[in-house]
Amino acid sequence: MTDPSPAAQSLEVQSIDAESVAAEAVVAAETPVEITQESPVAPRERYFNREISWLAFNERVLEEATNEGHPLLERLRFLSISGNNLDEFFMVRVAGLKGQQLQDVDARSADGLTVSQQLTAIGERADVLMAHQQAVWRDLRGLLDGAGVHVLDAAALDALDGESLAWLDAQYREQIFPVLTPQALDPAHPFPFIPNKGFSLIFDLKRISDGEPIRELLMIPPTLPRFVRLPDDANAAEPLARYIAIETIIRRFTHALFPGYEVLGDGAFRIIRDSDLEIEEEAEDLVRYFRTAIKRRRRGRVIRLRLEADMPDELVSIICREVGSGAALVSEGVGFLGIADLSQIVDEDRPDLKFTPFAPRFPERIREHGGDCFAAIRDKDIVIHHPYETFDVVLAFLRQAAQDPDVVAIKQTLYRAGKQSAVIKALVDAAENGKSVTAVVELKARFDEEQNLMWASQLERAGVQVVYGFVDWKTHAKISMVVRRENNAYRTYCHFGTGNYHPITARIYTDLSFFTADPRIGRDAAQVFNYITGYVEPIDMEAVTISPHGLRDKLAGLIDAEIDFARAGKPGRIWVKLNSLVDPAIIEKLYRASAAGVQIDLIVRGICCLRPQVPGLSENIRVKSVVGRFLEHSRIMVFGNGEELPNPGAKVFISSADWMPRNFDRRVEYMLPIENPTVHAQVLDQVMVANLIDTEQSWELDADGTYHRLELSGRPFNLHRYFMTNPSLSGRGAALKAESVPRLKLRRGG
């Protein structure tokens, strides 16, 4: 996968949620669930369906495209993201369910639905979502016209001036026609294979000379841009951008593509294929297996077939028969096929139609130590809040380690590192400088497998010890460890991140980077790496908790402690910030805490299977989702420890793990306590409180599964704007101690 541009971030967004559905269903069924209510509520009344909850998340993303507070091209960006998200949802989640259906797997979701029931519900909900996407596109297209950004249809081409038509004719002949390869469909020319996300046109033609019919298929090469931009009009008084979809151009020049033929009928269609990779435990060579599996994935079975409306019935029948769509979800759509491709228009150079550029801050504390990351960390733990504080701090830490003659070893996990990775370069430099460098490269990072194979080869050539982790588990923990010689001894410096070592996504994902030289954490990090590289199970961990060994139990114990406080008449309080909440055992534990009187606030950006505000089940649980300019991605857990929140004695943790069966049972993840007072205050009093009091970008989850925007009453608060304009607590240097940072206060108790 290439680096996500600001206009196409959705692949990374969705890949957070993508996983093998069959394995998820089995693990969920085997996870012990503690039902404590005297009259257990039926599964459908206890849980929301995971897949429908994800679709609800993507609907919230789409709603941002209708937010009149956003600039026009940013609204178009949200629309394209919703399209890309939906594509990957079908490629992975729906593909997994279809696989279960074809294999007659008798597994039910946590809410009690069969595979067929889930697929039916998904199809209905997805059709509604896609219809909404088209309605949003029609509205945005009209607004963009008014702002001087035009997407021209066939009728508009007829109205172009002669100079523009001449340019378009030359563009077709010189840049488009040479790469088009129409294929006749007859006994001598069988229907060709169409790759994943393939966008094609099919034509019914008649030879003018003798009336002989012929049918042609044209796969539009992915090397062609979806839109062609006409040159600027030098005579225009206002900015003017004119885009033409590639299929519109091709249809205009069918006389040149099929000379001597008359077009009787045509249509466009697009397919989505199964893109999941199944890992065989007996694979002898994981690298070789993945190289083969990546090629095989491109030929996965068709999961979704999207047809252009008004296509002749005979052409529809041919397509459905030939692409093997018997098990696919087939739908006809009025409007634009491939909503994700609208991201190309977002790249238009119109700053007035985009968010005001934001420059992340470099922590003053590190500057005050002359840019010496080790000195700053040695002085005190520090947390970097991305994207408000720059990812360059993480790169500076690794670059300094690579060049420092006193550094003897570097160990690094790599889940997603991006296309142009400064992290990889730092590790290569370190190895070439004679340091012992170990890189744990996760080959199973979905849609980054090919890129990670390339990085692994480059690292190995430089002398880095590359390890691929476990065959059936993903290494999802984001940890960097540097061992440095100081005063005739060794000191370990660690970085723990809630996000990936990816410089591009770090500009739009809100994540925490925690740096520490705490010896306990250093010893724990060493055990984690030894576990991944040598299968040596950690013992007597001093601070860090990992999965699949004990993370769920640790969380259950922390929740139980809050239950005990509540039963003893003390405040029982829990705040949690996650991307997804799915795990049935943890959900049941939260229900039990609610019944005991524990007040629980959950900030769950994406999937949430817990039903909040249900009398007798979860009346003390509130769930909100924040969707805005940046993607909320950090995982934070807070437990009141017998007092109201926030308080200095609260137990605060950061983690790489969402609360899902896969994160607890089939991934290597970490959870780390935050104990330094300044960092503790930043994570709790700044980050968590800001998320809780946000009103401008927040949605509240109701007991029936619907989300509603928070009503703007009193003074509105935008958490992203707050952090863009205020420095973090732990990154402030001595020169900023007197700088006033607005204090955040909760607007309700609990």
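For the sequence shown, this note's numbering begins at 494 and goes up steadily by one.
In this text, a Cβ means the ideal position worked out from N, Cα and C, and glycines have one as well.
Source: prediction; values computed, not measured.
Let me know if residue i comes out buried or exposed under the rule of 16 or more other beta-carbons within 10 Å of its beta-carbon.
| i | result |
| --- | --- |
| Val-672 | exposed |
| Glu-667 | exposed |
| Ile-812 | buried |
| Asp-1094 | buried |
| Phe-670 | exposed |
| Ile-832 | buried |
| Ser-950 | exposed |
| Ser-1206 | exposed |
| Leu-555 | buried |
Enumerate in chain order the residues of its own chain whose CB-to-CB distance from residue i is below 6 Å, with the five nearest sequence positions on each side excluded.
| i | result |
| --- | --- |
| Val-1145 | Val-1131, Ile-1167, His-1173, Val-1176, Leu-1177 |
| Val-1037 | Asp-1017, Tyr-1163, Leu-1165 |
| Glu-775 | Any reading at Glu-775 needs caution, since the residue's pLDDT is 42, under 50, leaving its predicted position unreliable; the model's value is listed next. Nothing meets the Cβ criterion. |
| Leu-1103 | Leu-1074, Ile-1080 |
| Ile-1084 | Going by the sequence as given, residue 1084 is Tyr instead of Ile. Around Tyr-1084: Leu-1110, Ser-1111. |
| Asn-1140 | none |
| Asn-1211 | Glu-1189 |
CA-CA distance, residue i and residue j?
| i | j | result |
| --- | --- | --- |
| Lys-873 | Arg-858 | 10 Å |
| His-491 | Arg-909 | Limits of the chain in this structure are 494 at one end and 1243 at the other, which puts residue 491 out of reach. |
| Pro-1268 | Glu-1112 | As displayed, the chain neither begins before 494 nor continues past 1243, which places residue 1268 out of reach and without an answer. |
| Glu-807 | Asp-840 | 39 Å |
| Leu-1237 | Gln-1179 | 7 Å |
| Trp-1152 | Arg-1045 | 8 Å |
| Asn-1214 | Ile-1096 | First, the amino acid is wrong: residue 1214 is Arg here, not Asn. Cα to Cα, Arg-1214 sits roughly 18 Å from Ile-1096. |
| Gly-1099 | Phe-890 | 32 Å |
| Pro-536 | Asp-604 | 5 Å |
| Arg-797 | Leu-822 | 5 Å |
| Phe-963 | Leu-946 | 15 Å |
| Ser-1006 | Ile-1147 | 10 Å |
| Ala-749 | Leu-733 | 29 Å |
| Asp-703 | Ala-761 | 27 Å |
| Ser-929 | Leu-920 | 10 Å |
| Ala-515 | Ser-973 | In this predicted model, Ala-515 has a pLDDT of only 46, less than 50, meaning its place in the structure is not dependable; the value taken from the coordinates is given anyway. Computed Cα separation, rounded: 32 Å. |
| Ser-768 | Val-608 | 19 Å |
| Arg-954 | Val-933 | 15 Å |
| Ser-810 | Gly-592 | 24 Å |
| Leu-936 | Tyr-961 | 7 Å |
| Glu-1125 | Phe-550 | 13 Å |
| Gly-1065 | Ser-1087 | 9 Å |
| Val-916 | Leu-1138 | 38 Å |
| Ala-1150 | Ile-1039 | 9 Å |
| Gly-864 | Val-901 | 20 Å |
| Pro-724 | Ala-659 | 11 Å |
For residue i, collect the residues of the same chain with a Cβ closer than 7 Å to its Cβ; drop the 5 residues on either side in sequence, then sort them by chain order.
| i | result |
| --- | --- |
| Leu-1239 | Val-1182, Leu-1185, Ile-1186 |
| Arg-1208 | none |
| Gln-837 | Pro-718, Arg-719, Phe-720 |
| Asp-638 | none |
| Arg-1060 | Ala-1089 |
Please name the residue or residues paired with residue i in a DSSP beta bridge.
| i | result |
| --- | --- |
| Lys-904 | Thr-931, Met-974 |
| Gly-831 | BP columns for Gly-831 are empty, so no partner. |
| Arg-1160 | Lys-967 |
| His-878 | Leu-1005 |
| Lys-1238 | Lys-1238 is not bridged to any residue. |
| Trp-1152 | Leu-1074 |
| Phe-762 | Ser-693, Leu-800 |
| Phe-1146 | Met-1130, Pro-1166 |
| Phe-989 | Ile-972, Phe-1007 |
| His-1201 | Glu-1193 |
| Ile-1114 | Ile-1093 |
| Val-825 | Before going further, note that residue 825 is Glu rather than Val in the sequence given. In DSSP, Glu-825 forms a bridge with Leu-800. |
CB-CB under 8 Å to residue i, same chain, minus the five flanking residues each way: which ones, in chain order?
| i | result |
| --- | --- |
| Ile-687 | Ser-693, Met-712, Ile-764, Val-816 |
| Glu-709 | Pro-675, Gln-676, Ala-677, Leu-678, Ile-695, Phe-696, Leu-698, Phe-751 |
| Ser-1191 | Lys-1117, Ser-1118, Val-1119, Arg-1202, Leu-1203 |
| Trp-966 | Pro-1041, Arg-1159, Arg-1160, Val-1161 |
| Ile-701 | Gly-753, Tyr-754, Glu-755 |
| Phe-848 | His-563, Pro-564, Glu-567, Arg-1122 |
| Thr-559 | Arg-568, Val-629, Asp-632 |
| Which runs of the alpha helix (DSSP H), 4 residues or longer, sit entirely within the segment 1042-1103? | Within the segment 1042-1103, the complete alpha helix (DSSP H) runs of at least 4 residues are 1044-1060, 1077-1088.
| query | Fully enclosed by the segment 616-642, which alpha helix (DSSP H) runs are 4 residues long or longer? | reply | If we require 4 residues or more, the segment 616-642 turns out to have no alpha helix (DSSP H) run fully inside it.
| request: Go through the segment 631-706 residue by residue and report every complete run of the alpha helix (DSSP H) that reaches 4 residues or more, in order. | output: Runs of the alpha helix (DSSP H) inside the segment 631-706: 647-651, 655-664.
| field | Runs of alpha helix (DSSP H) lying entirely within the segment 544-621, each at least 4 residues, in chain order | value | Taking only runs of at least 4 residues, the alpha helix (DSSP H) segments lying wholly in the segment 544-621 are 565-582, 588-595.
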